[in-house]
Structures are given as structure tokens and as C-alpha cells.
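Asks: Position 426 of the sequence shown, counted from 1, bears residue number 479 in this note's numbering, the numbering being contiguous throughout.
Virtual Cβ for every residue (Gly too), placed ideally from N, Cα, C.
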Amino acid sequence: MSNTKRITSPFHRWNNSFDDNQNDKELNKTLRKRAKHIDESESEIEEEDNKNVFESLKNFVNISKLLRFSGAMAVIASMSAFLMQDWSVGSDVNRFYLMLMQTLLLAAGGFGLSFLMKENKGGRVFFGLSLISITANFAILGALVFSQVQWFGSINEYPDFLTWTTSSLASVGVAGVSALIVMVPIAWFSYMVFSRNFAKHLLVLFVISNLLLLIPVRTSLMVGLIVLAAVMVPLWILRKRLFSETSLKTPEGMFAVATVFIPALIMLVRSFWLYQVDEILLVMLGAIVFLMMRIFSTPLDESSILKQILNWASIATAGFVAFNAGISSLAIIPINYEFSVMGVVFALLALDVAKRAGSLHSLFSAFAVFALLMTNFLVLLINGGAAAAVLLLVAGIAVVVIGQAERSRLTLISGLVATFIAFAHQMYNTLIHIDFTNWATLAVIGVSAIIFASLLERHGVVLKHKWERWSQFKTTKEV
């Protein structure tokens with residue numbers, strides 16, 4: 054048997070090598086696909102795990118917010134219960150000091166959570182409650198002051214649970230000084246936590262607003278003026294920062310700003326709850342709302358929907374203020390003349406809205422002109438006296454000035470018609486009492502006509518020229 058040697062040609066060796074390479078490529082491709090699939094599966098699992106973790110974290114955050122809110126409400130309820138229960142036990146001054154101690158405990162709780170346990174959110178809740186507690190303390194202190202001193206009238210009947218009395222004004226003074234020593238540092242530290250950049254401004258406004266609670270007045274006019282000052286002065290001071298400062302746009306910053314207005318809210322609630330509400334207080338309340346909308350609408354763009362809503366709301370508020378102003382004026386003016394007061398007040402407020410109303414300027418100006426003329430014309434129809442004619446005459450002249458300033462032909466004509474009606478009415482009432490058969494009357498008429506003709510001839514051209522120059526100046530200024 055002969056041994057045969059297998060001979061492999063180079064072509065066969067190359068072909069086998071090619072097949073092996075192909076198999077390796079297929080294997081690598083399969084392995085890469087499997088690896089990619091495994092990576093995608095792991096990525097999906099990791100994404101799902103992250104999603105589950107995020108959802109769990111979100112749920113815990115919501116639960117934490119709910120618990121914080123519930124805890125804050127419980128603390129506020131405890132303060133309310135303290136104010137309304139067991140009022141016959143011990144003196145009211147001692148109860149005030151206990152309330153002051155509660156403010157200290159709230160501040161201490163916020164300090165402990167923020168700096169010892171590093172729980173800033175819970176600490177902010179306690180600092181916020183301490184600010185509310187400070188205002189409650191000042192409200193109690195104001196009641197103690199009012200039990201000893203009452204300005205502009207006295208009110209003797211209160212619900213038992215809201216009656217706070219003291220034996221002497223000196224004890225109230227000591228309590229007030231103690232309150233300032235304790236509360237000012239707490240308020241300062243709280244505002245440093247909420248808005249560090251504006252802590253000083255907020256502290257000063259907060260202290261002044263709370264001190265207004267100590268003024269021993271309860272009449273509608275005085276309370277309305279105090280509330281108006283307590284709301285508008287802080288808004289005027291903070292108006293630019295409210296729109297530009299980022300820290301005041303956060304929930305903590307907005308809460309810090311809101312605490313400045315809590316004393317004004319307490320005074321309003323106290324007046325509506327315990328005392329008789331009259332039109333004067335409603336006028337003040339409407340004026341506050343009107344001025345607030347004016348401040349917040351001014352920086353907005355003219356095309357803003359919010360600005361349009363605020364403008365229309367301002368017109369409605371102007372009507373509310375004008376109506377109550379007219380009713381309240383009956384205490385000092387004759388009946389039916391309240392319509393003139395309503396028209397004047399509404400016209401002034403509507404013109405103020407028209408200045409910043411953009412495309413609605415003409416419409417709001419028309420509202421003002423219509424109200425001013427119709428209310429005074431109504432007074433003339435009802436009363437028919439000389440005073441009513443003078444009021445319509447003044448209103449007509451005012452409308453003429455408005456029409457000339459706004460280059461409105463319809464407004465100008467309306468003012469001239471009203472002026473003519475008032476003048477004609479007064480002339481008629483005057484002429485029916487004149488005896489034209491008397492020689493003295495005829496002499497006075499003749500002399501008056503001659504003097505008027507001379508004045509017209511001498512100064513008529515000059516007056517006409519000045520009117521034309523003024524009209525041209527107004528047109529150039531508007532362009």
C-alpha cells in the first residue's frame with residue numbers, strides 16, 4: 054500500500070481562510086447584536102428604575118408638603134384656640150406674654166431644624182409661622198391699648214372671646230417694649246432666611262405695618278385711611294422689585310412679601326366682623342383694589358391679555374368706588390347731588406385707566422365723558438336750580454378741554470352742547486325775573502352790549518390767534 058500525500062493548492066488554502074473570516078465576522082456581528090440588545094435591556098431597566106425612584110421621590114415630596122401644611126395649620130389652630138379659649142383664666146397681659154413665648158418657641162424650632170438638623174424646608178415653615186405669630190401678638194397688644202384709649206368714639210360691646218382688657222396703660226407699654234425687643238430680631242432672622250437681599254426693607258415695612266395695629270381707632274374713615282396706607286405704601290416701595298427681583302418671585306419670597314400685608318387684612322376683617330360697615334369703608338376698599346391693579350398693570354405690555362383684564366376690572370372698580378362715594382356724600386350735600394359726585398369720581402378714575410389702556414383709550418375716555426355729562430345733566434333735570442346749572446356748565450367746559458386735548462371732535466361738540474344747555478338754562482331762569490319794561494334794565498343791557506362789543510373788537514383776534522397756536526402746539530406735541 055502506497056502512501057499518498059494530500060496536496061493542497063494555494064487557492065484552496067486562501068478559500069478556506071476566507072470562509073473562516075466570514076464565519077468570524079458573522080459571529081462577531083451576532084455577538085455585537087446580542088451585546089447591544091443586552092445594553093438596551095439594561096438601559097431600559099435602569100431608566101425604569103430611575104423613573105420608579107423619581108416617582109417615589111415625588112410621592113414622598115408631596116407627602117412631606119402635605120404634612121408641613123397640616124402641621125402649619127395645626128399650629129395656627131392652636132394659636133386661635135389659645136386666643137378664644139379660657140379667656141377668664143388669668144389676666145390678659147399674662148396671656149399676651151404666653152403668646153409671646155409661643156413666638157419664641159416657633160423661632161427656636163425653625164432655628165433647630167435649619168441649623169442643627171439641616172432641614173431647611175421645615176425650618177422655613179416655622180419661621181413663617183413665627184412671623185404670623187408676631188402679627189397676632191401685635192393685634193392682641195392693639196386690643197389691650199384700645200381697652201384703655203379710644204380715639205374718635207368708643208365701642209363698648211364685644212364678643213366675650215375677643216375681649217382683652219388691662220388694668221393700666223403702663224402695663225401695656227411694658228408689654229409693647231418687651232414685644233419689640235423679642236419680635237424684631239425674630240422677624241429680621243426670618244426675612245434673612247426668606248429673602249436675604251431685601252430683608253432690611255421687608256423688616257422695616259413689617260414693623261411699621263404691625264405698629265399700625267396699635268392705633269386705637271375703629272371708625273370706618275380712620276380704619277379705611279390706615280388700611281389704605283398699610284397696603285399702598287409697601288406696594289409703592291416694592292413695586293419695581295416685585296417685577297425684577299428673582300428672590301421675591303419664589304414661593305418663599307412671595308410669602309415674605311405677603312406677611313407685610315397681614316396687619317391690613319386683620320384690620321379689614323376686624324371692621325367687617327365687629328363693626329358696622331358703611332360706604333366710606335367700601336370706598337377705601339375699592340380705592341385699594343383700584344390702586345393695586347394700577348401698580349400691577351402699568352409694567353405689562355399693551356398687548357397682554359392680563360393687562361386688558363386688569364383695565365376692564367379697573368373700570369368696574371371705578372364704578373364701585375364712584376357709587377359708594379356718592380352714597381357717602383349724602384351726609385354733607387343735598388339729595389340728588391350725589392349723582393354729580395358719582396360722575397366726577399368715575400370720570401377721574403376712568404381717565405386714569407384710559408391713559409394706560411392703549412387701544413382702549415378712546416373707549417374708556419368716552420365712558421368718562423358720558424358719565425360726567427349724564428350725571429350732571431340728570432341733576433339739572435331733577436333739581437333745576439342754579440347750582441345744578443353751574444355744575445353742568447363746569448362739566449361741559451371740562452369735556453371741551455378733554456376733547457381739545459385728545460383731538461376728539463365728538464367729545465368737543467358734546468362739551469359745547471352741555472355748556473350751551475347749562476348757560477341757556479341759567480339765562481332763562483335769570484331773564485324770567487327781569488323786567489324789560491324798566492328803563493334801568495334797558496340801560497344796563499345797552500351798556501353791557503357796548504362794552505362786550507368793544508372787548509370783542511379789541512381782543513377777539515388776539516384770543517383767536519392764541520387758541521390756534523395752542524391747538525397747533527398740542528398737535529405737534531402728540532406727533
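Assuming Pro352 and Val313 make a contact with CB atoms under 8 Å, what is their CB distance in whole Å?
Replies: Position 299 of the sequence shown holds residue 352. Position 260 of the sequence shown holds residue 313. That belief does not hold up - the Cβ atoms of Pro352 and Val313 are roughly 20 Å apart, past 8 Å.
Asks: Would you call the CB atoms of Arg292 and Ile348 closer than 8 Å?
Replies: Taking the first residue of the sequence shown as position 1, residue 292 is located at position 239. Taking the first residue of the sequence shown as position 1, residue 348 is located at position 295. Cβ distance < 8 Å, so Arg292 and Ile348 count as in contact.
Asks: Across the stretch 237–244 and the stretch 180–196, are there enough close Cβ pairs to call them in contact, namely three or more that are closer than 8 Å?
Replies: Flag = yes, the stretch 237–244 and the stretch 180–196 touch.
Asks: Please report the straight-line C-alpha distance between Leu110 and Leu166, rounded to a whole angstrom.
Replies: Position 57 of the sequence shown holds residue 110. Position 113 of the sequence shown holds residue 166. Its pLDDT being 46, under 50, Leu110 is placed unreliably by the model, and the measurement read from it follows with that caveat. Going from the Cα of Leu110 to the Cα of Leu166 covers about 21 Å.
Asks: Straight-line CA distance for Glu510 to Leu274?
Replies: In the sequence shown, residue 510 corresponds to position 457, counting from 1. In the sequence shown, residue 274 corresponds to position 221, counting from 1. So the alpha carbons of these two residues sit roughly 54 Å apart.
Asks: Using 10 angstroms around the beta-carbon of Ile341, count the other beta-carbons present and answer buried if the total reaches 16, otherwise exposed.
Replies: For the purposes of this step, residue 341 is identified with residue 288 of the sequence shown, where counting begins at 1. By the neighbour-count rule (16 or more Cβ atoms within 10 Å), Ile341 is buried.
Asks: Would you mind working out which of Ser123, Asn147, Lys302 and Ala283 sits nearest Glu175, comparing C-alpha positions?
Replies: Along the sequence shown, one-based indexing puts residue 175 at 122. In the sequence as presented, Glu is not what sits at residue 175; that position holds Gly. The option with the nearest alpha carbon to Gly175 is Ser123.
Asks: Are the CB atoms of Ala439 and Ala475 within a distance shorter than 8 Å?
Replies: Residue 475 sits at position 422 when you count from the first residue of the sequence shown. Residue 439 sits at position 386 when you count from the first residue of the sequence shown. Cβ atoms of Ala475 and Ala439: not closer than 8 Å.
Asks: Applying the 10 Å Cβ sphere with the 16-neighbour rule, what's the burial state of Phe113?
Replies: As a first step, residue 113 is located in the sequence shown; it is residue number 60 there, counting from the start. Low per-residue confidence applies at Phe113: pLDDT is 47, beneath 50, and the placement is therefore not dependable, though the value from the model is reported in the following sentence. Exposed, since its Cβ has fewer than 16 Cβ neighbours within 10 Å.
Asks: Would you tell me roughly how many angstroms separate the C-alpha atoms of Ser393 and Ile333, rounded to the nearest one?
Replies: Taking the first residue of the sequence shown as 1, we reach residue 393 at position 340. Taking the first residue of the sequence shown as 1, we reach residue 333 at position 280. Each residue's Cα considered, the two are about 17 Å apart.
Asks: Can you tell me whether Lys302 is buried or exposed? The criterion is at least 16 other CB atoms within 10 Å of its CB, across all chains shown.
Replies: Counting from one through the sequence shown, the residue named residue 302 turns up at place 249. It counts as exposed.
Asks: Report the residue from Ala424, Leu433 and Ser367 whose alpha carbon sits nearest the alpha carbon of Val406.
Replies: Taking the sequence shown and counting its residues from 1, one reaches residue 406 at position 353. Nearest of Ala424, Leu433 and Ser367 to Val406, Cα basis: Ser367.
Asks: If you draw a straight line from the alpha carbon of Leu281 to that of Ala160, how long is it in whole angstroms?
Replies: Locating residue 281 in the sequence shown gives position 228, counting from the first residue. Locating residue 160 in the sequence shown gives position 107, counting from the first residue. Rounded to whole angstroms, Leu281 to Ala160 spans 30 Å at the Cα level.
Asks: Any idea what DSSP makes of Val330, helix, strand or coil?
Replies: In the sequence shown, the residue the question calls residue 330 occupies position 277. Looking at Val330 - three-state DSSP - the assignment turns out to be coil, as it is neither helix nor strand.
Asks: On the three-pair Cβ rule with 8 Å, is the stretch 450–458 touching the stretch 497–512?
Replies: At 8 Å Cβ cutoff, the stretches do not touch.
Asks: Using a 10 Å radius around the Cβ and a threshold of 16 neighbouring Cβ atoms, would you call Lys360 buried or exposed?
Replies: Translated into the one-based positions of the sequence shown, residue 360 becomes position 307. With 16 or more other Cβ atoms within 10 Å, it is buried.
Asks: Would you list the residues sitting across from Val270 in a DSSP beta bridge?
Replies: Position 217 of the sequence shown, counting from 1, holds the residue named residue 270. Val270 is bridged to Trp204.
Asks: Would you report the Cα separation of Phe343 and Ala232, rounded to the nearest angstrom?
Replies: Stepping through the sequence shown from its first residue, residue 343 is reached at position 290. Stepping through the sequence shown from its first residue, residue 232 is reached at position 179. When rounded, the distance between both Cα atoms is 35 Å.
Asks: Measure the alpha-carbon distance for Val225 versus Thr188 and round it to whole angstroms.
Replies: Mapped onto the sequence shown, residue 225 falls at position 172. Mapped onto the sequence shown, residue 188 falls at position 135. Going from the Cα of Val225 to the Cα of Thr188 covers about 16 Å.
Asks: Taking DSSP as the reference, what is the three-state secondary structure of Arg460?
Replies: Against the sequence shown, residue 460 aligns to sequence position 407. Three-state result, Arg460: coil.
Asks: Starting from the C-beta of Asn377, find all residues in its chain whose C-beta is less than 6 Å away, skip the five residues before and the five after it, and write them out in chain order.
Replies: In the sequence shown, residue 377 corresponds to position 324, counting from 1. Cβ neighbours of Asn377 beyond the five flanking positions: Glu332, Leu335 and Val336.
Asks: Answer with buried or exposed for Val106, where buried requires no fewer than 16 other C-beta atoms within 10 angstroms of its C-beta.
Replies: Taking the sequence shown and counting its residues from 1, one reaches residue 106 at position 53. For Val106, the predicted model reports a pLDDT of 47, less than 50, meaning its position is unreliable and no value from the coordinates is stated.
Asks: If the criterion is Cβ atoms closer than 8 Å, does the pair Arg177 and Glu298 meet it?
Replies: By 1-based counting over the sequence shown, the position of residue 177 is 124. By 1-based counting over the sequence shown, the position of residue 298 is 245. Going by C-beta atoms, Arg177 is not nearer than 8 Å to Glu298.
Asks: Go ahead and pull the three-state DSSP assignment for Tyr244.
Replies: The residue you call residue 244 lines up with position 191 of the sequence shown. Helix, per DSSP.
Asks: Could you have a look at Val313 and say whether DSSP puts it in helix, strand or coil?
Replies: Stepping through the sequence shown from its first residue, residue 313 is reached at position 260. In the structure shown, Val313 sits in coil (DSSP, three-state: anything other than H, G, I, E or B).
Asks: State the DSSP-derived secondary structure class of Ser357, mapped to helix, strand or coil.
Replies: The residue you call residue 357 lines up with position 304 of the sequence shown. It is coil, neither helix nor strand.
Asks: Kindly give me the distance between the Cβ atoms of Leu433 and Leu445, rounded to whole angstroms, as I take these residues to be in contact under 8 Å.
Replies: Mapped onto the sequence shown, residue 433 falls at position 380. Mapped onto the sequence shown, residue 445 falls at position 392. Confirmed, about 5 Å.
Asks: Taking the C-alpha atoms as reference points, what is the distance between Met320 and Ala283?
Replies: Locating residue 320 in the sequence shown gives position 267, counting from the first residue. Locating residue 283 in the sequence shown gives position 230, counting from the first residue. Met320 and Ala283: Cα-Cα distance of roughly 10 Å.
Asks: With a Cβ-Cβ cutoff of 8 Å, do Ala228 and Leu194 count as a contact?
Replies: Looking up residue 228 in the sequence shown gives position 175. Looking up residue 194 in the sequence shown gives position 141. Cβ atoms of Ala228 and Leu194: closer than 8 Å.
Asks: Exposed or buried, what is Met236 when buried is set at 16 or more other beta-carbons lying within 10 Å of its beta-carbon?
Replies: To locate residue 236, count along the sequence shown from 1; it is residue 183. Flag for Met236 reads buried.
Asks: On a CA-only basis, which of Phe399, Ile385, Glu391 and Ser381 is nearest Ala369? Give me that one, please.
Replies: Numbered from its first residue, the sequence shown carries residue 369 at position 316. Ranking the options by Cα distance to Ala369, first place goes to Phe399.
Asks: Report all residues from its chain with a CB closer than 7 Å to the CB of Asn364; omit the five preceding and five following residues, and keep chain order.
Replies: Start at 1 with the first residue of the sequence shown, and residue 364 comes out as number 311. Closer than 7 Å at the Cβ level, and outside the excluded window around Asn364, lie Ser350, Val406, Ala410 and Leu413.
Asks: Can you tell me whether DSSP reads Asn389 as helix, strand or coil?
Replies: Along the sequence shown, read from residue 1 onward, the residue named residue 389 stands at position 336. Asn389 falls in the coil class under three-state DSSP.
Asks: Can you list, in chain order, the residues of its chain with a C-beta nearer than 8 Å to that of Ala127? Leave out the 5 residues immediately preceding and following it.
Replies: Start at 1 with the first residue of the sequence shown, and residue 127 comes out as number 74. Nothing meets the Cβ criterion.
Asks: Please classify Glu355 as buried or exposed, where buried requires at least 16 neighbouring CB atoms within 10 angstroms.
Replies: Residue numbering aside, residue 355 sits at position 302 when the sequence shown is read from its first letter. The residue in question, Glu355, is exposed, as its Cβ has fewer than 16 Cβ neighbours within 10 Å.
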